[in-house]
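Those protein sequences? They're chains A and B, same order as listed.
Just so you know, the first sequence maps onto residues 7 to 206 in the working numbering.
Just so you know, the second sequence maps onto residues 657 to 765 in the working numbering.
Note sheet for the following structure.
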Amino acid sequence: MESRQETQLVEKARKGDIGAFEELIRMTGGRIYNLGFKLLRNKEDASDLMQETYIKAYEHIDSFRGNSAFSTWLYRIATNLALMKMRREKNQKVSTDEIKEAYDNSMVKEMPDWTHNPAYHFKNQELKDLLNRAIDSLPSKYRSVFVLHDMEGFPVSEVADMLSLSEPAVKTRSHRSRLFLRERLADYFKQGHKAQVGGG
Amino acid sequence: MEADDKADKMKCEDICRLISEYLDDGLDLELRGIMREHINLCERCSALLKTMKETISFTRRMSETEKVPDAVINRVYCEIHIRYERRIKSETFAPPEASKYNKKKEKRR
């Protein structure tokens, strides 16, 4: 829910108060930058995305109706800009088919419980790198859902709203992304910590 | 008894299909109960639940927040100021014809 302070600042910014808009940037900038970093996977692109998001928000603040929180509106702008960039670059390393394959594998393949493996701990940098590369390799339509739902913690309904998707579509993409990442982790433990991520 | 029957009928494939919704609390209590029963008895599904939970929790913990570099914030402020100045200029130096037209329009109202 939108805070009263945020509502007041949006009202002032709408009337042309640039100080109020700057305050909104100060309040929400960190979240938008981090969202960009998670979606685009590098700091330079995250900086550009943050800049483009606020320019767009500034130029279209009159169209903000207040049906959602201002920060949610910003998230929607940022996510859509990021998706456009990801689609343009098409830099994903795995195909949608591979994501579906992970889903099918989970139905038929038995995967051991690696949660008690001594190598499974948060300080294992190799594991973090592997997961980072796996997230990196998700096709944009899966990555956007995974980042918003699992990493940013938005409920399915809000993710659906932000990405103009149906709730079942969000649930399916989130589920398949999770199974894909879980499979990558399982491979890591199965292959003596030397799993490869990506299509090649 | 009825729940036991349903739990028996639930297959590992069903668990796999529904596990995300189970973790997101997106299922009704009855179905959750049936799944729980199956998971408690099935080693494979129990491993699925644990590993899915850990995958999500690990990625969530990995999403550490990066501090926005000051230079980036300043660049954003600067870009917004450029647009603000442009807006002010266009309002101040609007063509006189347009101003007259707008005044007439206002009078008519």
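Yeah, the Cβ is synthetic: ideal placement off N, Cα and C, and Gly gets one too.
Per-residue burial, residue i [other beta carbons within 10 Å of its own, 16 or more giving buried]
i      : result
B/F749 : exposed
B/L685 : exposed
B/D726 : exposed
A/D156 : buried
A/Q57  : buried
A/P145 : buried
B/H737 : exposed
A/A52  : buried
B/T711 : buried
A/N48  : exposed
A/M90  : exposed
A/G25  : exposed
B/T721 : exposed
A/K147 : buried
A/R2   : With chain A covering only 7 through 206, there is no way to say anything about residue 2 of chain A.
A/A125 : exposed
B/K667 : exposed
A/S170 : exposed
A/S101 : exposed
A/E164 : buried
Whole-angstrom distance between residue j and residue i, CA atom to CA atom
i      : j      : result
B/V724 : A/R139 : 22 Å
B/S702 : B/N696 : 7 Å
A/N86  : B/K665 : 43 Å
B/R692 : B/L705 : 10 Å
A/R179 : B/C672 : 14 Å
A/Y60  : A/E28  : 10 Å
A/E12  : A/F76  : 7 Å
A/G42  : A/S183 : 19 Å
B/S713 : A/G22  : 43 Å
A/L55  : B/C734 : 15 Å
B/K745 : A/E65  : 15 Å
A/I38  : B/S719 : 13 Å
A/R10  : A/V16  : 10 Å
A/F152 : A/R20  : 33 Å
B/D681 : A/I31  : 34 Å
A/N40  : A/Y194 : 27 Å
A/N130 : A/M92  : 29 Å
A/T78  : A/E116 : 40 Å
A/D103 : A/D110 : 10 Å
A/I67  : A/R82  : 13 Å
A/D119 : B/T707 : 6 Å
A/T121 : B/R743 : 57 Å
A/P174 : B/G689 : 22 Å
A/G72  : B/I729 : 25 Å
B/Y739 : A/K177 : It should be pointed out that residue 739 of chain B corresponds to Arg in this sequence rather than to Tyr. Whole-angstrom Cα-Cα distance: 40 Å.
A/K106 : A/E95  : 22 Å
A/D142 : B/L674 : 25 Å
A/S172 : A/N123 : 38 Å
A/K62  : A/A84  : 9 Å
B/L679 : A/G35  : 31 Å
is_contact[residue i, chain B] using C-beta, thresh 7 Å
i      : result
A/K18  : no
A/G36  : yes
A/T81  : Here the sequence assigns Tyr to residue 81 of chain A, which means Thr is not the residue at that position. False, the Cβ-Cβ gap to chain B never drops below 7 Å.
A/L191 : yes
A/Y39  : yes
A/L187 : yes
A/V203 : Because the pLDDT at A/V203 is just 47, under 50, the model does not fix this residue reliably, and the value given afterwards should be weighed accordingly. Closer than 7 Å: no.
Beta carbon proximity, residue i to chain A, threshold 7 Å
i      : result
B/R742 : no
B/M666 : no
B/E735 : yes
B/E686 : no
B/T748 : no
Legend entry - Residues in the region 43 to 71 of chain A having any Cβ partner in chain B nearer than 8 Å: F43, K44, K49, A52, S53, M56, Q57, Y60, I61, Y64, E65
Legend entry - Against chain A: residues of the region 689 to 719 of chain B by CB proximity under 9 Å: E699, R700, S702, A703, L704, K706, T707, M708, K709, E710, T711, I712, F714, T715, R716, R717, M718, S719
Inset, instruction - Let me know the alpha helix (DSSP H) ranges lying completely inside the region 135 to 191 of chain A, each 4 residues or longer, listed in chain order. - result: 146 to 152, 162 to 169
Inset, instruction - Below 7 Å between beta carbons is the criterion; list the residues of the region 169 to 185 of chain A that meet it against any residue of chain B, in chain order. - result: K177, S180, H181, R184
Inset, instruction - Could you run through the region 117 to 129 of chain A and flag, in chain order, every residue whose CB is less than 8 Å away from some CB of chain B? - result: M117, P118, D119, W120, T121, Y126, F128
Legend entry - Every unbroken alpha helix (DSSP H) within the region 27 to 69 of chain A, with a cutoff of 4 residues, ordered by chain: 49 to 65
Inset, instruction - With 8 Å as the limit, tell me which residues of the region 129 to 147 of chain A have their beta carbon closer than that to any beta carbon of chain B; keep them in chain order. - result: L133, K134, L137, N138, I141
Legend entry - Cβ-based contacts, 9 Å cut-off: residues of the region 148 to 160 of chain A near chain B: F152, V153, H155, D156, M157, E158, G159
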